[in-house]
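Colleague: A single structure is presented below for examination.
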Amino acid sequence: MRNESIYQQIKKMYLPIEYNQPLFRPPSEAKSLILQVTIGCSNNECAFCEMYKSKKFTVRKFEEIQKEINKVSALNIPVRKVFLADGDAFVLSSKRLIRIAKEIKEKLPTVQRISAYALPSNINTKTIEELINLKKAGIEMLYVGVESGDDNVLDMVSKGETFNSTKTALLKLKKAGIKASVMILIGLGGGAFSRQHAINSAKLINETQPEFASTLVLTFYAGIEHFKSQFKGSYIEMNTKELLEELRLFIQNLELENAVFRSDHASNYLVLKGKLGADKELFLQQLNEAIKGERKIRPEWMRGL
Ligand code: SF4
Numbered sequence: 007m008r009n010e011s012i013y014q015q016i017k018k019m020y021l022p023i024e025y026n027q028p029l030f031r032p033p034s035e036a037k038s039l040i041l042q043v044t045i046g047c048s049n050n051e052c053a054f055c056e057m058y059k060s061k062k063f064t065v066r067k068f069e070e071i072q073k074e075i076n077k078v079s080a081l082n083i084p085v086r087k088v089f090l091a092d093g094d095a096f097v098l099s100s101k102r103l104i105r106i107a108k109e110i111k112e113k114l115p116t117v118q119r120i121s122a123y124a125l126p127s128n129i130n131t132k133t134i135e136e137l138i139n140l141k142k143a144g145i146e147m148l149y150v151g152v153e154s155g156d157d158n159v160l161d162m163v164s165k166g167e168t169f170n171s172t173k174t175a176l177l178k179l180k181k182a183g184i185k186a187s188v189m190i191l192i193g194l195g196g197g198a199f200s201r202q203h204a205i206n207s208a209k210l211i212n213e214t215q216p217e218f219a220s221t222l223v224l225t226f227y228a229g230i231e232h233f234k235s236q237f238k239g240s241y242i243e244m245n246t247k248e249l250l251e252e253l254r255l256f257i258q259n260l261e262l263e264n265a266v267f268r269s270d271h272a273s274n275y276l277v278l279k280g281k282l283g284a285d286k287e288l289f290l291q292q293l294n295e296a297i298k299g300e301r302k303i304r305p306e307w308m309r310g311l
């Protein structure tokens, strides 16, 4: 320690993990310990996603992860939630995930929940029995970027999933008792596919009844021309009113029994938070007001910040 700067010493004490940047996590994992069990995303093809384009997909060695868990364990802090990163940590085999989960539970006994991002294909390669064992090992929740329930839109953005692959995956999670938090990307099909994107996305959510659902609005982090060059078709850009109308059509078609719904990610124009179905009429009223210009919405310059 003698040759290290004060900054380095403090960093080691309070931030014992050197992350491979950039690092992403869902908003609701803000207080979680993040462990990178993979680097990047095994798909990394989606036209709208720049998150892991700078990374080559890699599976981290168990010993490296174990070292990080030990470092956190030595701090003696009551960690309650652990989020496994990066983009689709659930791509790991069940055997490997269970080994990691056991290590977490053993060294950090206060942990109550382990979660991760997952692609439907990551789930579909696992049997129900494997998923039940993963849940028993502590993996309680998965964040699934559904993006759309429309096969045309999914194909045009190279998601590598379909309505059916996503439906199968979400129903498998339900059977295994693992909670699902799904994300739909408003504006993903552009003006030409807006209607079918909204209706089929609602249909997929209705048929799978996830515990949590949220919407984000498509944002062109690398510029719209870049997105258009990746989109397999002609992308018609939508204005704010059209995006709000698409969200309204999506919510109108939702028939959720008991799901927590949020549109509070920074990309959204209008923040909606509540339960669906209970708050459906309230959400629609707020959307109608926003569409008519009677309700304040997030200004364009604040979106995505
Ligand atoms: S699967 Fe998810 S993380 Fe990977 S490229 Fe697509 S949206 Fe991005």
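To convert, take the position in the sequence shown, counting from 1, and add 6; that gives the working numbering.
Ideal Cβ positions, reconstructed from N, Cα and C, are used throughout, including at glycine.
On a predicted model such as this, the values are computed, not experimentally measured, just so you know.
Is DSSP giving Leu177 helix, strand or coil here?
Modeller: Helix, per DSSP.
Colleague: Cα separation between Glu252 and Asn26?
Modeller: Their Cα atoms are separated by approximately 36 Å.
Colleague: When the Cα of Lys178 is compared with those of Glu135, Ile211 and Asp161, which residue comes out closest?
Modeller: The shortest Cα separation from Lys178 among Glu135, Ile211 and Asp161 belongs to Glu135.
Colleague: Which value, in whole angstroms, describes the spacing of the CA atoms of Val277 and Ala228?
Modeller: So the two alpha carbons sit approximately 24 Å from each other.
Colleague: Do you know offhand how far Pro28's Cα is from Thr64's?
Modeller: About 14 Å.
Colleague: Residues bridged to Phe218 by DSSP?
Modeller: Beta-bridge pairing links Phe218 to Ser187 and Val266.
Colleague: Assuming contact is defined by CB atoms lying nearer than 7 Å, are Val163 and Asn128 in contact in what I supplied?
Modeller: No.
Colleague: How would you label Lys165, buried or exposed, when you count the other beta carbons within 10 angstroms and need 16 or more for buried?
Modeller: So Lys165 counts as buried.
Colleague: Select from Ala143, Trp307, Ile120 and Val150 the residue whose C-alpha is nearest the C-alpha of Asn130.
Modeller: Of Ala143, Trp307, Ile120 and Val150, the residue nearest in Cα terms is Val150.
Colleague: Sorted by chain position, which residues of the same chain lie with C-beta nearer than 6 Å to Gly283's C-beta, five sequence neighbours on each side aside?
Modeller: Leu262, listed in sequence order.
Colleague: Have a look at Ile40 and Ala91 and give me their C-alpha separation to the nearest angstrom.
Modeller: If I take the Cα positions, the gap works out to 7 Å.
Colleague: Can you tell me the Cα-Cα spacing of Lys302 and Phe199, whole angstroms?
Modeller: Between Lys302 and Phe199, the C-alpha separation is close to 27 Å.
Colleague: Starting from the Cα of Ser154, find the closest Cα among Lys173, Leu140, Ser121 and Met147 and give me that residue.
Modeller: Looking at the Cα atoms, Lys173 is the closest of the given residues.
Colleague: Taking C-beta to C-beta, are Glu167 and Leu176 nearer than 7 Å?
Modeller: No; because the gap between Cβ atoms is not below 7 Å, this pair is not in contact.
Colleague: Could you check what DSSP says for Arg105 in three-state terms: helix, strand or coil?
Modeller: If DSSP states are grouped into helix, strand and coil, Arg105 belongs with the helices.
Colleague: Using a 10 Å radius around the Cβ and a threshold of 16 neighbouring Cβ atoms, would you call Arg86 buried or exposed?
Modeller: Looking at its Cβ environment, which holds fewer than 16 other Cβ atoms inside 10 Å, Arg86 is exposed.
Colleague: Assuming Ile192 contacts Gly144 (C-beta within less than 8 Å), just tell me the rounded distance between them.
Modeller: The pair is not a contact, with the Cβ atoms about 33 Å apart (cut-off 8 Å).
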